[in-house]
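S.K.:
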Amino acid sequence: MNLILVTICAILLTQVNGDVVSGLVTCDNFGEFFVDGQLETSTDTWSVSYPVSFPDTSLVLAFDCRDVGVIGGIRGSFTNGVVTDSSWRCSTSAPEGWNKLG
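Mapping to UniProt numbering: the sequence shown position 6 is 6, numbers consecutive.
Printed below as a string of structure tokens:
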């Protein structure tokens, strides 16, 4: 039997310079990356980083990842200096609207 662990993680952004932010994201094993509640990309290969870009006026970055197995994880690194680390809020439950502000 395979255990499927769902992890959702999000962070609020505050820096605005009028730039486009780019970065790379991935989930183990597969998942979705959202910007302000809108799907930006889907990932299906944990060993591949997927390119993303979004305006720096965006407020919420969020991952919805599903791990099939034992160890899972998320990784994101962006040109505005944001990286996935302990400042992200994560949960194994997903209340309505979890991936957007308000």
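Yeah, the Cβ is synthetic: ideal placement off N, Cα and C, and Gly gets one too. Treat the numbers as computed from the prediction; the structure is a model and nothing was measured.
For Ser-42 and Cys-27, what's the separation of their Cα atoms in angstroms?
M.R.: Each residue's alpha carbon lies about 9 Å from the other.
S.K.: Apart from the five residues just before and just after Ile-8, which ones in its own chain have a Cβ nearer than 6 Å to its Cβ?
M.R.: Closer than 6 Å at the Cβ level, and outside the excluded window around Ile-8, lie Asp-64, Ser-91, Ala-94, Trp-98.
S.K.: Between which two residues does the beta strand (DSSP E) carrying Thr-43 extend?
M.R.: Unbroken beta strand (DSSP E) run through Thr-43: 38-43.
S.K.: Note down the Cα distance separating Ala-10 from Asp-36, rounded to an integer number of angstroms.
M.R.: Going from the Cα of Ala-10 to the Cα of Asp-36 covers about 10 Å.
S.K.: Quick check on Gly-72: buried or exposed, where buried means 16 or more other Cβ atoms within 10 Å of its Cβ?
M.R.: Burial call: buried.
S.K.: Helix or strand or just coil, what does DSSP make of Ser-77?
M.R.: Three-state DSSP puts Ser-77 in a strand.
S.K.: Taking a contact to mean a Cβ-Cβ separation below 8 Å, would you say Phe-54 touches Glu-32 in this structure?
M.R.: No, these two residues do not count as a Cβ contact at 8 Å.
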